[in-house]
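Structure record follows, encoded as structure tokens.
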Amino acid sequence: MSDSGISVDAKYFVRSFIRFLAKQIDQPNFNEDSRESIEVAIQCLENVYDLGEGDDAAATGGESSVKKEDDPRNHVDLYELYCNTYVEVSPERKQEAEGLKNEGNRLMKEEKYQEALNTYTKAINLDATNPVFYCNRAAAYSRLGDYVRAADDCRMALRHDPNYSKAWGRLGLAYSKMNEHKQAVTAYQNAIRLEPDNQDYKNNLGVSQQFLEERSRNPGAAAGGAGANPLGNIDFASVINNPDMVQMATRMMSDPAMHNILGQLGGMNNMDALLETGRRLAMQMSSENPELFNNVARQMEQAGINLPRNNPPNPDGNQQPPPAPPSS
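Per my numbering, the very first residue in the sequence shown carries number 6; after that it's consecutive.
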């Protein structure tokens with residue numbers, strides 16, 4: 006009998022193990038009784054974890070934002086990961102993994118972020134000890150708006166190479182996108198310690214530090230005063246009815262990363278998603294129609310809310326640039 010409380014990740018993990026067992030059935034070193042036992046084990050696991058028999062993509066538990074065949078968890082090979090984590094990787098496998106990484110880099114430059122992510126996952130299956138593969142996959146996750154998994158991959162890269170400056174930099178970016186600026190500052194400081202001449206890291210550090218300073222000066226700004234309506238003086242009608250605003254919002258909604266953010270509304274703090282949407286719209290507005298942006302900024306300031314006019318928010322995280330396409 007299945008348990009409805011089983012997590013989606015657990016189902017994908019078990020499905021990966023079932024794929025390993027299914028391959029074992031064809032091995033010549035098992036007799037008929039052993040093969041039958043393996044088949045029974047597979048059926049039991051599918052029943053307990055509510056996995057449809059023969060469903061190679063695993064039950065998604067209601068996930069709809071990503072096609073099952075596109076989900077990177079379908080490309081995880083547990084046995085390969087085990088071998089490549091605890092057994093020395095052969096030069097041939099390293100070379101094959103390197104080729105997959107290069108293919109992922111090409112896909113990133115073509116803005117095929119989901120395909121790039123899956124390709125990096127295949128590279129990790131072949132060589133799970135290479136920090137570059139995790140760091141590059143983190144860049145793909147960031148482009149898709151999944152900053153939690155981007156941070157996870159950065160931390161995994163740093164487990165293999167604590168002095169990997171690019172992983173520290175991308176970890177800082179992921180933290181800043183999740184409004185965890187204290188952790189972002191630490192990550193950027195580590196990146197600068199390893200790469201002191203990198204101006205991007207310094208700029209991003211400054212942004213996160215400024216955010217923390219503003220938060221300390223006005224601690225109630227993030228939460229908002231109870232019963233207060235600081236937006237009451239803003240003429241939303243003129244903004245919403247502006248044709249330029251409508252056109253920019255339409256373009257923004259076609260962004261795959263925005264689709265990912267909105268698709269997570271049911272599973273995350275809705276305010277975080279709304280703030281991320283607002284940041285993206287602000288960046289679009291400031292770059293395409295500075296006059297409209299300044300008009301809205303003035304109204305916001307009259308309501309007691311300051312927008313940085315010289316450095317409008319960046320769609321990829323608190324005025325900070327997105328990760329560059331991997332080149333290594």
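Glycine included, every Cβ here is placed at the ideal spot set by N, Cα and C.
Just so we're clear, the structure is a prediction, and the values are computed from it rather than from any experiment.
Reduced DSSP secondary structure (H/G/I, E/B, other) of residue i
i, result
"tyrosine 125", "helix"
"leucine 56", "coil"
"serine 333", "coil"
"glutamate 41", "helix"
"tyrosine 146", "helix"
"isoleucine 23", "helix"
"glutamate 108", "helix"
"threonine 134", "coil"
"isoleucine 11", "coil"
"glutamate 219", "helix"
"glutamate 120", "helix"
"aspartate 31", "coil"
Cβ-Cβ separation, residue j to residue i (assumed contact under 8 Å), whole Å
i, j, result
"phenylalanine 138", "lysine 106", "6 Å"
"leucine 163", "lysine 187", "The pair is not a contact, with the Cβ atoms about 18 Å apart (cut-off 8 Å)."
"alanine 102", "alanine 143", "About 17 Å; that fails the 8 Å criterion."
"aspartate 132", "lysine 99", "6 Å"
"isoleucine 11", "leucine 26", "About 19 Å separates the two Cβ atoms, so there is no contact after all."
"valine 53", "asparagine 130", "With a Cβ gap of about 26 Å, valine 53 and asparagine 130 do not count as contacting."
Cβ shell of residue i (< 7 Å), same chain only, five flanking positions each side left out
i, result
"alanine 145", "Met113, Tyr118, Ala121, Leu122 and Tyr125"
"tyrosine 84", "Phe25"
"serine 2", "The question about residue 2 has no answer here: the residues shown for the chain are numbered 6 through 333."
Other residues of its chain near residue i: CB distance less than 6 Å, five sequence neighbours each side excluded
i, result
"alanine 196", "Ser170, Trp173, Gly174 and Tyr206"
"methionine 161", "Tyr139"
"aspartate 158", "Tyr139, Arg142 and Ala143"
"tyrosine 193", "Gly177, Tyr206, Asn209 and Leu210"
Through-space distance from residue j to residue i, alpha-carbon basis
i, j, result
"tyrosine 180", "isoleucine 43", "43 Å"
"glutamate 185", "aspartate 55", "36 Å"
"valine 19", "leucine 50", "8 Å"
"glutamine 214", "arginine 154", "24 Å"
"leucine 199", "threonine 134", "21 Å"
"arginine 148", "aspartate 166", "23 Å"
"glycine 211", "valine 45", "58 Å"
"serine 39", "glycine 104", "38 Å"
"aspartate 31", "phenylalanine 22", "15 Å"
Proximity test, Cβ basis, 8 Å: residue i and chain C
i, result
"arginine 220", "Given the protein chain composition of this structure (a single chain), no chain C is represented."
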